[in-house]
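Q:
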Amino acid sequence: MVAKRNSQAWAEAKKRCKLNETDLQMAKELGMTAKSLIKNIPTPNQLWKAPVKVWILELYEEKFNRVITFKPAPSEELKRKPKKQQKLIVSDHWVDEEDLPF
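For what it's worth, the numbering used here labels the leading residue of the sequence shown as 2, then goes sequentially.
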C-alpha cells in the first residue's frame, strides 16, 4: 500500500515538474522526495527560482561532478515498418515535345 502511494507521488511529481525518468533518477540519488520536488516548483512571482528540472541537474552536477545521459527509446513511429511505396509507372511510349498541343 505504501509503495503504491509512493509511486503515485513520484508520478505526480514527474507530471507537475515536467521531468523525465533520468531527472527522477537523479533526484532519487540526491535523496529528494516527490513531495520536496512539488514544493519547489517556482510560482510566477519567483522569477529568480530555476525550474525543478534545472535545479536537479545543477545539484546533481555539483555533488557528483557528472550528469546522467539519457538515450530516448525509439518512438512507435520509428519502430513501424515503412509503408510500401507506390511503383512508378513506366511507359514504353516517349512523347516528343513537338507533339504537345501547348
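Note that CB positions come from ideal geometry on N, CA and C, so glycine has one too.
Judging by CA-CA distance, which residue of Glu-13, Thr-23, Asn-66, Arg-6 is the nearest neighbour of Leu-38?
A: Taking only the C-alpha atoms, the option nearest Leu-38 is Glu-13.
Q: With H, G and I counted as helix, E and B as strand and the rest as coil, what does DSSP make of Asn-7?
A: Reduced to three states, the DSSP call for Asn-7 is helix.
Q: If you draw a straight line from the C-alpha of Pro-45 to the C-alpha of Ala-51, how long is it?
A: Taking the straight line from one Cα to the other gives about 11 Å.
Q: Between Trp-56 and Asn-7, what straight-line distance do the alpha-carbon atoms span, to the nearest angstrom?
A: The alpha-carbon atoms of Trp-56 and Asn-7 are separated by roughly 22 Å.
Q: By a C-beta neighbour count over all protein chains shown, 10 Å radius and 16 as the cutoff for buried, is Val-53 buried or exposed?
A: Counting Cβ neighbours within 10 Å, Val-53 comes out buried, since at least 16 surround it.
Q: Are Leu-25 and Trp-11 close, meaning C-beta to C-beta below 8 Å?
A: A contact, by the Cβ cut-off of 8 Å.
Q: Who are the near neighbours of Leu-58 in its chain, counting only those whose CB is closer than 8 Å to its CB and skipping five residues on each side?
A: Correct list, in chain order: Asp-24, Met-27, Val-68.
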